[in-house]
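Here's the structure, in structure tokens; my notes come after.
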Amino acid sequence: MTETRTTCPYCGVGCGVVASVEGGAVSVRGDETHPANFGRLCVKGSALGETTGLQGRLLRPVVDGAEVGWPQALGATGERLQAIIDKWGPQAVAFYASGQLLTEDYYVANKLMKGFIGAANIDTNSRLCMSSAVVGYKRAFGEDVVPCSYEDVENSDLVVLVGSNAAWTHPVLYQRLVQAKYNNPQMKVVVIDPRNTATCDIADLHLALAPGSDAGLFVGLLNLIQGADEWPVERVAAFCGLSPLDIGTFYDWFMTAPRAITLYTMGINQSTRGSDKCNAIINVHLASGKFNRQGCGPFSLTGQPNAMGGREVGGLANQLAAHMNFEPDDLSRVARFWGTERLAQTPGLMAVELFDAIARGEVKAVWIMGTNPAVSLPDSHAVCQALAACPLVIVSEVMQETDTSRFAHIRLPAQGWGEKNGTVTNSERRISRQRAFLPAPGEAKPDWWIIAQVAKRLGYGEAFAWEHPRDIFCEHAALTAFENNGERALNLGELVTLSREEWDALEPYQWCAGHFPHRRIVPVIPSLPTAGINTLYPLMLNTGRIRDQWHTMTRTGYVARLMQHIAEPLVDICRSDAARYGVCEGQLARIASPRGVMVARIHINDAQKAGELFIPMHWNAQFSRQGKVNALVEGRVDLVSGQPESKQTAVRILPWQPGWQGELYARDVPELPSFVYWWRKATRLTLAGDKPFQPWVMDYASGRGWQLQVAQTGERSSVLAWHNGELMLAFWEGTARPELAHPVIEAAFQSPPLTPAARHALLNGQGVGEVVDPGRIICSCFSVGENAIREAIAGGCGSISALGGRLRCGTNCGSCVPELKALFG
Ligand SMILES: Nc1nc2c(c(=O)[nH]1)N[C@H]1C(S)=C(S)[C@@H](COP(=O)(O)OP(=O)(O)OC[C@H]3O[C@@H](n4cnc5c(=O)[nH]c(N)nc54)[C@H](O)[C@@H]3O)O[C@H]1N2
Ligand SMILES: Nc1nc2c(c(=O)[nH]1)N[C@H]1C(S)=C(S)[C@@H](COP(=O)(O)OP(=O)(O)OC[C@H]3O[C@@H](n4cnc5c(=O)[nH]c(N)nc54)[C@H](O)[C@@H]3O)O[C@H]1N2
Ligand code: SF4
Ligand SMILES: [Mo]
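All residue numbers for the sequence shown refer to UniProt numbering, where the first residue is 1 and numbers rise by one.
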């Protein structure tokens, strides 16, 4: 068995992973030597071995619906792009890339678009994620440099988390913080978030401020530091909807703490004033001197594994390359380095404007790589319409079916994690290797190779002639160092001469951020979100992540273990709003904005404030019907950064009592008729609808020659279909959601033959034999359910560690500890 040291492909913490393959099965553990995690992994990282299967993978190029070989696919891509460039000019072409590409892939895409096609229309999903943070740093420091490291988080006296649910989204860094606070009980933690999240578990102070009001809080603090009186505590309190006492406590802690660090993520960036909010945070660090020394500073955490690498290569439409801008000197330098006369001279279209330009017919070809905009961009109906009308949509993907690839004329199969080979940079500017340890399946190719081959077809072969990702990395490193003269902090000059062996063996490498072209306090005038609530849309919708899913679920949604924690789009609502709008726990509801509508299940949660809802961003048409929250979110953006306000949308909520609700298990999931609402769980579908569905199920099963048995008791009915003694399909329905012993049913699919007694029990939603229902799974690492935990507590387990000792829950990644605590009531 060989072990490969690589890097986790999920969040920007960038944990080192040791992967091994034995008998086709992949297992992973944390890399003890990696400075991001020192051996820890969170639940998503721990489940990586379960995501490397080939289910649903795109394995061959597809052109106009037909599988073809690479020569035809590359030929078609090159010819069709060229035809559009010839007729409409380079501005009619765009790339939409991703912070999940490797640095090498990103560099090649940026070079082709800006350097040789000659337009700067390459933007990425980082626009939805990091672009406000980039503006904040550039305005303050003159360059996009993140002035902090993870060690600063551990070695601080005050850690402020703003708009970050790190317990769920940067779990290993959060666990490092938990440990540091345990080691140093003097350390204080402040969480600033409208919701009471799992991250608040270790908070000494939680400021549940009004949505979008953060700038007021930090401007007030700056006023205090500077002795100004424009934003006194009372004014801040009114602006932010907080008590003057709590604000005073926060300010007092910040002023007196010898060291303070502020971590901020999407609750800050995803706003029409996200750039200003980032500067409001940076300002208090600059003005107080809590900056550029241990345990201090404004620390924007990156979300994606290589959001930082994308920023390094310059893969955003308003950056040029390698931390250079569209300034005359930079333009000349990059053109000379790349040996091109076609370099784009002006910034290109940013994500939201790009899709608007596609809708208007101005951009006629878009190449989407490593992102799923039909789900993740705001106003997804408009995005889908734009893609449907676009003459040429090219999608490089690992999966066959995504909401975006439905619109693709050309689908190009990319190598995924474990197959591809390159580098990523994490939140603390640390470059780590992602190494391949699996053979490339089917015809899948590295993203950089695909782009370079297309470049060749467009006639630029010479500038794209690399044979190995190391060659690309070294070229990128050379560009960062080219005519640098100490002017750009990003300088990877040390790495330019790495041999292939050295690059392959590269240890995690952190680039230095000690140099700031300037340090500027940027004036900020606080303002509230532009989403106005009114009598038609009286609630403010907040969106974000859940613990066990990754973005549009293409990788995590098929892993049973990761579907255990939260398996449906839930809408979190507080008790008083639930009563006010007539919705009950577990019921379905329709949530609507002026842009669209979705269906979600009610979860009454007193972590929510009155007037505010929360819905996860993850669900989409592969996992549900009408479960996509971006159908509601409007495409309002920050005018400087172009980042959409994904966190604030005015909506209304209405209860929906469907005619029937059901559960369907099927050996192969059928294509469902459009009158059914459904939510795909790893092994089953939950369904609801008004028009009867059972006749459809019976037709479907008998059409396949399966044997059928139906049971009807009162308002409940069920259907079983089997073939050669094997259970093929099972369906239960009722006016309320059928209560089923799910583990028993799963077991029945695995253990033929199906006896008449077993069928009878199953039709009643019961099972035969000894399978225990674990209840809601709390600890996904060890699949420990609520029932066992409650039993253990009743049986005398008095603490988290006692529970861990008995059931192992909470002893691996620790992300479930807040929920375990809650069970002690
Ligand atoms: N499990 C999991 N982890 C992930 C990801 C994932 O998909 N799943 N994705 C990764 C990526 S790309 C990213 S960008 C990060 C994102 O990491 P986070 O930013 O931590 O995640 P979110 O859940 O999007 O939003 C964080 C919090 O912002 C709060 N918020 C909303 N509005 C406001 C506001 O006006 N002010 C303040 N102060 N807070 C507000 C929300 O209530 C939410 O709790 O996560 C990364 N890690
Ligand atoms: N409402 C709302 N919307 C949001 C957010 C929010 O908080 N609220 N958050 C925003 C943020 S911060 C982000 S980062 C985005 C994320 O949104 P997306 O980037 O759209 O989400 P992913 O599911 O990560 O998409 C990655 C795609 O690339 C594919 N893929 C995986 N590996 C590879 C590879 O190696 N090569 C190629 N070519 N493809 C690959 C995956 O199958 C998947 O389809 O969503 C944004 N949208
Ligand atoms: S915290 Fe979890 S998801 Fe993030 S890099 Fe580490 S293991 Fe991966
Ligand atoms: Mo992100």
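In this text, a Cβ means the ideal position worked out from N, Cα and C, and glycines have one as well. Keep in mind that this is a model prediction, so the values were computed, not measured.
Verify the contact flag: Lys445, CB atom, against every heavy atom of ligand 2, threshold strictly below 7 Å.
no
So the candidates are Glu419, Ser717, Phe299, Asp690; which of them puts its Cα closest to the Cα of Pro738?
Ser717
Note down the Cα distance separating Ser376 from Leu528, rounded to an integer number of angstroms.
24 Å
Going by beta carbon distance, what residues of the same chain come within less than 6 Å of Trp231, once the five residues before and after it are set aside?
Val219, Gly220, Asn223
Tyr264, DSSP secondary structure in three states
strand
Can you tell me whether Ser674 is buried or exposed, with buried defined as 16 or more other CB within 10 angstroms of its CB?
exposed
Once the 5 residues before and after Met728 are set aside, which same chain residues still bring their CB inside 6 Å of it?
Arg667, Trp706, Ala721, Trp722
Does Glu22 come out as helix, strand or coil in the three-state DSSP assignment?
strand
Identify every run of the alpha helix (DSSP H) within the stretch 175–211, keeping only runs that are complete inside it and at least 4 residues long; order them along the chain.
none
Output the distance between the C-alpha atoms of Asn724 and Leu708, rounded to the nearest integer angstrom.
12 Å
Using a Cβ-based criterion (distance less than 7 Å to any ligand heavy atom), does Lys138 qualify as near ligand 2?
no
Check whether the Cβ atoms of Ala682 and Gln661 lie closer than 8 Å to each other.
no
So, is the C-beta of Pro35 closer than 8 Å to a C-beta in chain D?
You won't find chain D in this structure, because it holds only one protein chain.
The alpha helix (DSSP H) spanning Pro469 covers which residue range?
469–481
Evaluate contact between the stretch 304–324 and the stretch 93–111, counting only Cβ atoms and requiring at least three cross-stretch pairs below 8 Å.
yes
Taking three-plus beta-carbon pairs below 8 Å as touching, is the stretch 274–284 in contact with the stretch 399–411?
no
Can you find a heavy atom of ligand 3 that lies under 7 Å from the Cβ of Val18?
no
Give me, in chain order, the residues of the same chain whose beta-carbon lies closer than 8 Å to that of Pro753; leave out the 5 immediate sequence neighbours on both sides.
Gly725, Glu726
Helix, strand or coil at Met585 [DSSP, three-state]
Note on residue identity: the sequence assigns Glu, not Met, to residue 585. Note: Glu585 maps to coil in three-state DSSP.
Environment of ligand 3 in chain order, Cβ to heavy atom below 5 Å:
Cys8, Tyr10, Cys11, Val13, Cys15, Leu41, Cys42, Lys44, Gly45, Pro171, Val172
Under the rule that 16 or more other beta-carbon atoms within 10 Å means buried, what is Glu397, buried or exposed?
buried
At a cut of 8 Å, does the stretch 323–332 reach the stretch 454–466 through at least three beta carbon pairs?
no
Is any heavy atom of ligand 1 found at a distance shorter than 7 Å from the C-beta of Asp214?
yes
Which residue or residues does DSSP assign as beta-bridge partners of Leu58?
DSSP output for Leu58 lists no bridge partner at all.
Confirm, please, whether the CB-CB distance from Ala365 to Pro391 is below 8 Å.
yes
List the whole-angstrom C-beta distance separating Leu490 from Leu498, where the pair is believed to meet the contact cut-off of C-beta under 8 Å.
Incorrect: roughly 17 Å between the Cβ atoms, too far for contact.
Ligand 4 heavy atom lying under 7 Å from the CB of Cys278
no
Among Val159, Val191, Ser126, which one has its Cα closest to the Cα of Ala257?
Val159
Let me have the residue list for ligand 4: C-beta closer than 5 Å to any non-hydrogen atom, ordered along the chain.
Cys129, Gly303
Could you check whether the Cβ of Ile261 sits closer than 7 Å to any heavy atom belonging to ligand 1?
no
Residues sharing a beta bridge with Lys445, DSSP
Ala414
Under 8 Å, with one C-beta from each stretch per pair, do the stretch 170–189 and the stretch 584–604 reach the 3-pair mark?
no
Would you check if the stretch 29–42 and the stretch 8–17 touch, i.e. whether three or more CB-CB distances between them fall below 8 Å?
yes
From what residue to what residue does the beta strand (DSSP E) around Ala779 run?
According to the sequence provided, residue 779 is Cys. The question's Ala does not apply to it. Its beta strand (DSSP E) spans residues 777–779.
Beta strand (DSSP E) runs wholly inside the stretch 120–152, at least 3 long, in chain order
122–124
Using the beta-carbon count (16 or more within 10 Å), is Ala357 buried or exposed?
buried
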